[in-house]
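Heads up, the sequence shown is in the numbering used here, so the first residue is 2 and it goes up one at a time.
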Amino acid sequence: MRLSTYFLPVLKETPNEAQIVSHRLMLRAGMIRQSSAGIYSWLPLGLKVLRKIEAIVREEQNRAGAQELLMPTIQSAELWQESGRYDAYGPEMLRIRDRHDREMLYGPTNEEQITEIFRGLAKSYRDVPKILYHIQWKFRDEIRPRFGVMRGREFLMKDSYSFDVSAEGARKAYFKMFVAYLRTFARLGLKAIPMRADTGPIGGDLSHEFIILAETGESQVFCHKSFLEKDPLALDLDYEGDLSPVFEDWTRDYAATEEMHDEAKAAEAGDDLVTARGIEVGHIFYFGTKYSKPMGAVVAGPDGQPITLEMGSYGIGVSRLVGAIIEACHDDAGIIWPESVAPFKVGLVNLKQGDEGTDAMCDRLNAELAKAGVEVLYDDRDERAGAKFATMDLIGLPYQLVVGPKGLKDGVVEIKTRATGERETLTPEAAIAKLTA
Ligand code: P5A
C-alpha cells in the first residue's frame with residue numbers, strides 16, 4: 002500500500018478530549034473517528050487491526066471446538082421478558098419501537114437469543130455438548146462512555162454460549178473457554194491474568210475476568226507475581242482431554258479484582274503480591290439453568306425425560322482490545338504493535354522521493370515483499386525524512402525498512418525494529434530474507 006494514496010488522516014496535534022494514551026494514539030494515528038459519545042467509525046488503519054484481532058479470536062475459538070454463527074443486533078423484547086431481564090437490565094439497554102409499535106432492543110448481549118435458538122432446534126441429549134459463538138456489535142448505553150473504544154456504547158464482542166446436559170459437562174466447556182482465552186490473549190501479545198470475578202447482570206456463581214495490567218486500567222487488581230512469568234503458549238493442549246489440571250494450575254495462586262478481593266487470602270502471597278490497575282478484556286460465566294429454566298430450554302434425555310440445559314457464556318471485548326493492546330504496547334513516540342495484530346508488518350521509508358535510485362529500490366523491495374505475502378506500507382510521499390520517521394513511529398509498524406541515497410551507494414538499506422529501536426544495515430537481499438523469514 003502506498004501512503005500517498007492511503008486514507009491515513011494522521012493528526013499533528015494531540016486531541017484534548019482524549020484522557021488516556023490509547024485513545025490519543027488511536028485518534029492521532031487516524032484509526033478511528035468519533036461519531037457520537039461512545040460510538041466510533043473505524044478508519045482503514047484501525048479496521049485492519051480490529052480484523053486481525055478478530056481473526057485470532059476466531060481461530061482460537063474454532064481450535065477449542067466452538068462453532069461460529071451470526072445473530073442479529075436487533076432483538077425482540079419478548080425474549081427478555083421471558084428471562085426476566087427486560088426490566089432488570091435498566092437504562093443501559095437501548096430500547097426501540099418498530100413501525101408496528103413492537104418493542105425491540107439493540108442487543109447488549111445474547112444469552113436470551115441463543116437460548117431461544119437452541120430450545121427451538123435442539124431436541125435430544127445427542128444434540129449437546131455444543132459451544133456456539135458469534136462476533137457481533139453490541140450496544141450498552143453506558144452512563145459514562147469514555148477512554149475511546151475501551152468503554153464505548155457500541156462495541157464489538159465475541160460471545161460464546163455453551164450447552165450441556167450436566168453440570169460436569171458445563172464445567173468442561175468452561176475449562177475449554179478458559180484455556181482458549183489464555184491462548185488467545187497470549188497470541189495477541191498480552192499477559193492476561195484470570196481473576197475470580199463477580200457475575201453482575203449475567204448471573205451465575207463461577208466466573209473469571211481476564212485482566213491485563215496497565216496503569217490506566219479502570220479497576221484495582223491484585224495478583225501473585227507468578228502470573229507474570231507464565232506462558233500459555235508453552236502448554237501442550239488437548240481440547241478433547243482433561244483440561245482441569247491446566248485450570249487448577251492457573252487458578253491456584255491469588256488473583257482477584259477489587260470486588261472479589263480478600264485481604265486475608267491475599268496476605269498469603271506475602272511480598273509476591275502485585276497490586277496494579279487492570280483492564281478487563283474478557284469475562285466468562287457458568288450460570289447453569291438461569292436462562293434455560295425460565296425459557297424452557299430442554300432436551301430429551303436417554304430415557305425420554307426432559308433435561309433442562311446447563312449453560313455458560315464467554316465474552317471477549319474485541320474492539321476494547323485494540324485500545325488495551327496500545328495501553329500495554331507504546332512509548333513516547335507512538336504505538337508498538339505486536340506483530341500478530343500489526344496493520345502492516347513493514348513500513349518502507351524512501352528518504353529521497355523522486356531520486357531515481359531510491360525510487361527504483363523501493364519499488365523493488367515493495368514488490369518482492371508483497372510477492373512473499375508481507376504487508377508493506379510504503380511511504381512514497383514527498384516529505385522530509387523526519388516527518389516520515391515520526392509517522393512510522395506513531396503508527397507503530399514492527400519494522401521500518403529505510404532506503405536512502407547514501408546507503409544505496411554502498412549497496413545497503415537499513416531495518417529499524419520499532420520495539421527495541423535497534424538498527425541494522427544490510428544488503429537489500431538480506432533485508433528481504435530477514436523480513437520474510
Ligand atoms: C459473556 C458473553 C457478557 O456480556 N454475555 C455474553 C457475557 N459479559 S461482559 O463482561 O459484560 O462483556 C464481555 C466483554 O465485553 C467487553 N465490554 C466492553 N467493551 C467496550 N465497551 C464496553 N462498554 C464494554 N462492555 C463490555 C469487555 O471486554 C468484557 O469483558
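Even for Gly, the Cβ is constructed at its ideal location relative to N, Cα and C.
Everything numeric in this text was worked out from a predicted model, so none of it was measured.
Among the candidates K407, R103, I317, G297, whose CA atom is the shortest distance from the CA of I285?
In terms of Cα proximity to I285, the closest of K407, R103, I317, G297 is I317.
Let me confirm a value: Q76 is counted as buried when at least 16 other C-beta atoms fall within 10 Å, else exposed. Which label applies?
buried
Report the residue ranges of all beta strand (DSSP E) runs contained in full by the segment 366-417; include only those spanning at least 3 residues, in chain order.
377-380, 400-404
CB-CB under 6 Å to I203, same chain, minus the five flanking residues each way: which ones, in chain order?
F286
Excluding the 5 residues preceding and the 5 following G108 in the sequence, name in chain order all residues of the same chain whose CB lies nearer than 8 Å to its CB.
M72, P73, T74, I75, Q76, Q114, Q137, K139, F140
By Cβ distance below 7 Å, which residues in the same chain neighbour R120 in space, the five residues on each side in sequence not counted?
M296, G297, A298
Are A198 and T258 touching if we call contact CB-CB under 9 Å?
For A198 and T258, yes; Cβs fall inside 9 Å.
With H, G and I counted as helix, E and B as strand and the rest as coil, what does DSSP make of W43?
strand
Identify which residue in W43, V413, I396, L352 has its Cα closest to the Cα of R442.
Here the chain comprises residues numbered 2 to 438, so residue 442 is not present and cannot be evaluated.
If we count Cβ pairs, one from each stretch, closer than 8 Å, do we get three or more for the segment 393-400 versus the segment 335-342?
The segment 393-400, when compared against the segment 335-342, does touch it at the 8 Å Cβ threshold.
Going by beta carbon distance, what residues of the same chain come within less than 7 Å of L322, once the five residues before and after it are set aside?
I54, L189, V282
Does the distance from the C-beta atom of F164 to that of M312 stay below 9 Å?
Taking the C-beta atoms as reference points, M312 is found nearer than 9 Å to F164.
The beta strand (DSSP E) spanning H284 covers which residue range?
274-289
Is S314 near the ligand P5A - that is, is its Cβ less than 8 Å away from at least one heavy atom of it?
yes
Between the CA atoms of F211 and K291 - distance to the nearest angstrom
A straight line joining the alpha-carbon of K291 with that of F211 spans about 23 Å.
Can you tell me whether S84 is buried or exposed, with buried defined as 16 or more other CB within 10 angstroms of its CB?
buried
Give me the Cα-Cα distance between A334 and E18, rounded to the nearest whole angstrom.
Cα to Cα, A334 sits roughly 19 Å from E18.
Any non-hydrogen atom of the ligand P5A closer than 8 Å to R64 Cβ:
In this structure, R64 has its beta carbon at no less than 8 Å from each heavy atom of the ligand P5A.
Throw me the rounded Cβ distance for the A267 and F228 pair, which I believe falls under 8 Å.
Not confirmed; about 13 Å, so no contact.
Does the segment 273-281 come close enough to the segment 214-226 that 3 or more CB-CB pairs lie under 8 Å?
yes
Take the Cβ of D88 as the centre, count every other Cβ of all protein chains shown within 10 Å, and call the residue buried at 16 or more, exposed below.
exposed
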